[in-house]
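Chains as they are written, first to last, in the working numbering: chain A, 1 to 322; chain B, 1 to 328; chain C, 1 to 318. Just so it is clear, CB atoms sit at the ideal spot from N, CA and C, and this is done for glycine as well.
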Amino acid sequence: MRSRRYLLRKVLHATGTLLFVLAFNFVLFRAVGDPVKLLTRSSLHLDPQEQEALRQEFGIDDPLPQQFVNYLGDSLRGEFGYSFISGRPVIDSVTEKVWPTVLLVGTATILSTVLGIMIGIKGAWRRGSAFDTSSLLGSLTLYSMPEGWLGMILLITFAGALGWFPAGGIESSDRLTGLPHLFDLARHLVLPCLTLTLGYIGQFAIIMRSSLLEVMGEDFVLTARAKGVRDRDVRRRHAVPNALLPTFTLAFYSVGFILGGAVLIEQVFSYPGLGQLTYQAIDRNDYPVIQAVFLLSSTTVILFNLLADILYGYLDPRVREA
Amino acid sequence: MSVLSVRDLRVTYRAKGGDVPAVRGVDLEIDRGEVLGLAGESGCGKSTIGSALLRLHPAKTKIEGGIILDGNDVLSLRPGRLRAVRWTGASIIFQGALHAMNPVRGIGDQVAEAITVHKLAGEREARVRAAELLEQVGLPARRIDDYPHELSGGQKQRVMIAMALACNPSLVIADEPTTALDVMVQAQVLKLLKTLQRELGLAMLFITHDLSVLVEVADRIAIMYAGLIVEEGPAERVFHFPDHPYTKALAGAFPEIGDSQFRRRPSGLGGDPPDPQQIPSGCPFHPRCPVAIDVCPSLEVELWAAGEGRRAACVHVSGAPALSETRP
Amino acid sequence: MIETPHQPPEAVVGTEVAPPSPPRDPRKIRWIRRRRALTGFWRVYRRNRMGMVGLVLLAGFVIMALAAPLIVSDEALKPATAPGVAFEPPTADFPLGTDDFGRSVLDLVIFGSRISLLVGFAATLMTMTVGAGVGIAGGYYGGRTDTALNALTNWFLVIPWIPLAIVLASILGRSLFNTILVIGVTSWAGTARLVRADTLSVKERPYVERARALGASNWHLVTRHVLPNVMPVIFANTVLTVALSILAETTLALLGLGDPLSVSWGILIFDAFDAGALSAGLWWWLIPPGVCICLVTLAFTMCGYALDEVLNPRIRER
């Protein structure tokens with residue numbers, strides 16, 4: 001029963017945050033000024049009649065609260081307006097480009113989390129060893145590197161100088177199918193995914209390591225050893241599950257950051273995903289697209305945070321009480 | 001029938017500032033069914049002994065001497081055999097009120113783990129046995145899946161006791177089991193320990209800084225100071241008629257309810273326990289001792305006979321060498 | 001007549017010397033105590049290898065940034081008066097080659113340190129002021145203030161920072177000030193959460209309760225008791241925030257949201273990228289600014305972690 005109340009509270013909280021995001025989006029872009037003026041500013045030439053028609057469509061002359069309600073309705077229906085640049089409905093561009101990004105970000109998140117956690121555990125359990133020192137140094141260095149730059153370096157080295165991987169895009173121009181197609185996709189995915197993974201693996205390793213170190217000093221670890229539990233079982237059954245909790249939530253929270261990182265990486269590798277779409281929208285002040293991407297990414301992050309909270313409640317019994 | 005026999009135990013921690021000798025040559029003997037109380041201030045080395053008996057210290061710690069537990073030479077056991085002896089030869093009741101239990105697993109699970117790790121039973125049987133043990137310490141079996149944070153301090157301590165009994169150890173080491181508890185709960189837990197010890201005929205090493213607790217529970221008491229035992233003997237006698245000046249101070253420091261005179265003659269002890277890296281020469285107690293004489297800073301003290309079954313490391317006891325002999 | 005305290009001879013390390021009789025002035029006592037705390041802190045910090053390496057690196061870069069105007073002439077930076085031929089790989093005259101205008105990349109990198117560090121520090125100042133302010137206010141006052149501030153903090157925490165930065169930057173326009181503003185706006189919430197948590201725990205400590213019982217005002221409690229005890233957390237967090245701010249500035253620059261008129265390491269990389277350095281393989285233009293960013297961030301991060309260890313003895317090597 002307690003758990004259900006916890007769940008409800010988290011869902012309500014997430015919905016509230018989402019509403020705030022919508023409100024923020026709405027206010028910000030109305031605050032910038034008349035959307036029609038924005039349109040005309042960006043090189044589309046419209047005569048007064050067309051401007052008036054657009055005004056009607058945007059509902060600018062309606063009272064503000066009315067506009068907000070319209071905006072909410074539109075957003076829920078996926079009506080994000082038309083791109084200033086291409087003129088196509090934003091929702092179309094978005095749905096086209098969403099899956100490559102999901103593939104990229106999803107793979108990178110999973111790899112960086114799992115590998116980072118494994119490295120962190122090994123480093124902490126064998127504190128002070130050569131592995132620990134080198135992995136710590138490596139993690140710190142990777143953490144300090146700007147991702148976009150790292151992507152560029154990898155591109156120049158592995159695609160440019162060594163030619164092991166393609167220099168960009170999601171697939172080659174030959175129309176492949178079946179297994180060769182999958183292999184081709186994979187080849188194109190390696191460098192961008194590697195960049196994103198390396199960018200975040202350091203963080204996870206460091207956090208997992210310090211979390212585990214702290215747990216290792218706790219009394220219950222001593223109790224387990226005193227009971228005669230084997231070293232690796234003490235680690236597996238007692239230390240790591242307790243140390244994993246903060247790292248676990250971090251993994252979910254990181255999705256937002258990795259998603260953001262994808263914007264730059266996709267541009268560097270000419271990877272046709274949402275990131276590239278966003279980058280080009282910024283370049284040309286394509287506000288409807290920017291707005292839509294902001295909304296989408298915020299919603300994704302809110303959703304993942306909600307998932308994190310729910311799963312955390314499941315894993316840590318102490319949290320459910322509150 | 002000796003369950004534990006410790007000879008000249010020395011435990012030295014390795015720290016960045018140098019070596020820290022926490023235990024500097026301790027002899028102990030506990031027979032089947034006997035309760036030995038080990039008392040002293042914080043930092044005297046008593047808890048170190050408890051952990052040393054099962055070799056729980058970090059690898060850097062130097063442990064020398066002889067520890068024979070249930071016929072096993074603990075210090076020379078190989079890791080596999082050591083793990084087997086842990087908990088079955090001797091178990092430890094830690095201060096349960098703190099973080100001595102895994103917060104994300106049920107209490108029954110953790111008690112049963114002791115049983116399954118030593119392959120004394122399968123999972124289902126271990127669970128049944130865990131439920132029995134919980135009942136034995138006064139907790140209803142239906143709480144077997146509760147988490148540690150759902151229990152009070154006293155209840156957590158009971159679970160620690162149940163856990164300690166899980167493998168029917170020959171010796172139970174109680175390391176400050178009542179220290180973090182309220183006075184009323186302390187009394188309950190103590191009573192439980194006494195009952196269990198008597199019913200199961202357990203040998204017990206009861207470590208505490210609270211001498212008055214030991215009077216109720218222990219058969220014999222050993223007093224520790226600066227890594228050494230400075231007095232030992234039957235519990236009642238040591239507490240009421242202490243021989244060593246340090247014991248006198250410790251015993252005097254606890255008010256006896258009903259003693260109206262106590263307020264008028266408080267006898268706390270001035271000064272602090274010595275820094276293990278800077279132990280005073282000769283008798284380690286001499287800087288704080290109210291009856292120290294001129295030979296004390298240079299006298300190598302040992303446990304000398306002080307009466308029937310009693311020994312104390314003080315120059316004033318009957319068995320101490322005559323002063324004229326000790327003068328250089 | 002004010003008595004001047006008797007000054008004992010200089011104490012030799014290791015010998016026991018009776019402390020000088022304390023001065024009567026409480027302000028002087030406070031300064032003596034602070035100085036002693038600082039020397040003690042420095043002694044512990046000095047032993048931390050990672051922290052010392054970071055500090056040395058940092059000092060190097062700060063010196064470079066301060067000395068930059070002396071090393072690099074104004075003409076060398078202006079595209080119109082560029083000294084070299086464009087897109088040249090490294091030579092003796094131009095150790096790091098030239099950019100698309102013929103400017104020496106080495107000059108650009110040296111001068112770029114100024115803007116990069118400036119933005120890092122300025123953005124951090126903003127982040128820490130707002131973040132610590134909100135955190136302490138919420139944590140200390142509690143009640144509805146805390147609920148409101150906490151909700152605000154959480155909201156900013158949830159929003160993914162790059163989309164928010166993009167939205168803000170595209171609306172506000174591309175300038176150095178806006179870059180600093182955007183970084184500040186997207187970073188303060190992390191600090192606020194941390195400081196709030198620490199404030200809550202400090203607030204519960206006995207000496208705060210005692211001071212309040214003695215009738216201390218809120219202002220007194222916050223400035224004399226809460227703030228000094230939250231300072232270690234704030235300080236360690238500040239150092240790490242500078243590292244993150246510099247990385248954030250780079251990301252914004254690479255997205256094309258940086259100030260086109262200034263020269264920072266991030267903008268340097270962007271310029272290179274924009275000019276096609278990737279496909280042309282102009283590694284000498286791309287690599288050095290990135291390496292500098294990496295080293296500076298590493299330096300700040302190492303210092304930050306060292307501070308964490310020094311101030312939080314629990315995770316120090318046992």
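If the criterion is Cβ atoms closer than 8 Å, does the pair residue i and residue j meet it?
i, j, result
"A/L104", "A/L191", "no"
"C/V72", "C/D99", "no"
"C/V185", "C/L168", "yes"
"C/R212", "C/L221", "yes"
"A/S254", "A/T109", "yes"
"C/S245", "C/A123", "yes"
"B/V23", "B/Q277", "no"
"B/I92", "A/A226", "yes"
"C/P163", "A/G123", "no"
"A/P241", "B/V104", "yes"
At what residues does the alpha helix (DSSP H) containing residue i begin and finish?
i, result
"B/F206", "No alpha helix (DSSP H) contains B/F206, which is instead part of the beta strand (DSSP E) from A203 to T208."
"A/S211", "G178 to M216"
"C/D107", "V105 to Y141"
"B/L38", "Per DSSP, B/L38 belongs to no alpha helix (DSSP H); it is in the beta strand (DSSP E), V35 to A39."
"C/V182", "L176 to K203"
"C/F300", "W283 to L311"
Drop a sphere of 10 angstroms on the beta-carbon of residue i, count the other beta-carbons inside from all chains shown, and report buried for 16 or more, exposed for fewer.
i, result
"A/V323", "What the structure shows of chain A is the stretch from 1 to 322, and residue 323 of chain A is not part of that stretch, so it cannot be assessed."
"C/N312", "exposed"
"C/G40", "exposed"
"B/S170", "buried"
"B/D73", "exposed"
"C/T191", "buried"
"C/M126", "buried"
"C/R34", "exposed"
"B/P328", "Interpretation of B/P328 is limited by its pLDDT of 46, a score under 50 that renders its predicted location unreliable; the figure taken from the coordinates is listed afterwards. B/P328 comes out exposed."
"B/Q155", "buried"
"A/A14", "buried"
"A/A322", "The pLDDT assigned to A/A322 is 49, lower than 50, so where the model puts this residue is not dependable, and the model offers no usable value."
"B/P177", "buried"
From the DSSP secondary-structure annotation, give me the bridge partner or partners of residue i.
i, result
"B/P234", "B/R220"
"C/L157", "Per DSSP, none; premise fails for C/L157."
"B/N72", "B/L69"
"A/P241", "Bridge partners of A/P241: none, in fact."
"A/Y71", "According to DSSP, which records beta bridges pairwise, A/Y71 is partnered with nothing at all."
"A/I153", "DSSP, once it has assigned bridges, lists no residue as partnering A/I153."
"B/R142", "Looking at the DSSP assignment, B/R142 forms no beta bridge with any residue, so it has no partner."
Suppose the cutoff is 8 Å on Cβ atoms and the five residues either side in sequence are ignored; what does the same chain contact list for residue i look like?
i, result
"B/V315", "C283, I293, V295, C296, L299, V301, L323 and T326"
"A/R127", "L213"
Starting from residue i, trace the beta strand (DSSP E) in both directions and tell me its first and last residue.
i, result
"B/D31", "G18 to D31"
"B/G66", "K62 to L69"
"B/P172", "Reading the sequence as shown, one finds Val at residue 172 of chain B and not Pro. Segment L171 to D175, the beta strand (DSSP E) holding B/V172."
"B/W304", "W304 to G307"
"B/I92", "A90 to I93"
"C/T98", "Taken as a continuous stretch (DSSP letters only), C/T98 belongs to no beta strand (DSSP E), as it is neither H nor E."
"A/G116", "Careful: A/G116 lies outside any beta strand (DSSP E), inside the alpha helix (DSSP H) at V90 to W125."
"A/S134", "No beta strand (DSSP E) contains A/S134, which is instead part of the alpha helix (DSSP H) from A130 to S144."
"B/R7", "S2 to A15"
"B/A292", "Run containing B/A292: none; DSSP gives neither H nor E here."
"B/A312", "R310 to A312"
Using a Cβ-Cβ cut-off of 7 Å (strictly less than) and excluding sequence neighbours within five positions of residue i, which residues of its own chain qualify?
i, result
"A/T249", "A308 and Y312"
"C/A82", "F101, G102 and R103"
"C/P289", "V109, G112, W265, L268 and I269"
"C/L55", "C303"
In chain order, what residues of the same chain have a beta carbon less than 6 Å from the beta carbon of residue i, not counting five sequence neighbours either side?
i, result
"B/G37", "F206, L214, A218 and I221"
"C/T301", "A243"
"A/S43", "Model confidence at A/S43 stands at a pLDDT of 48, short of 50, so the residue's coordinates are unreliable; what they give is reported in the following sentence. None."
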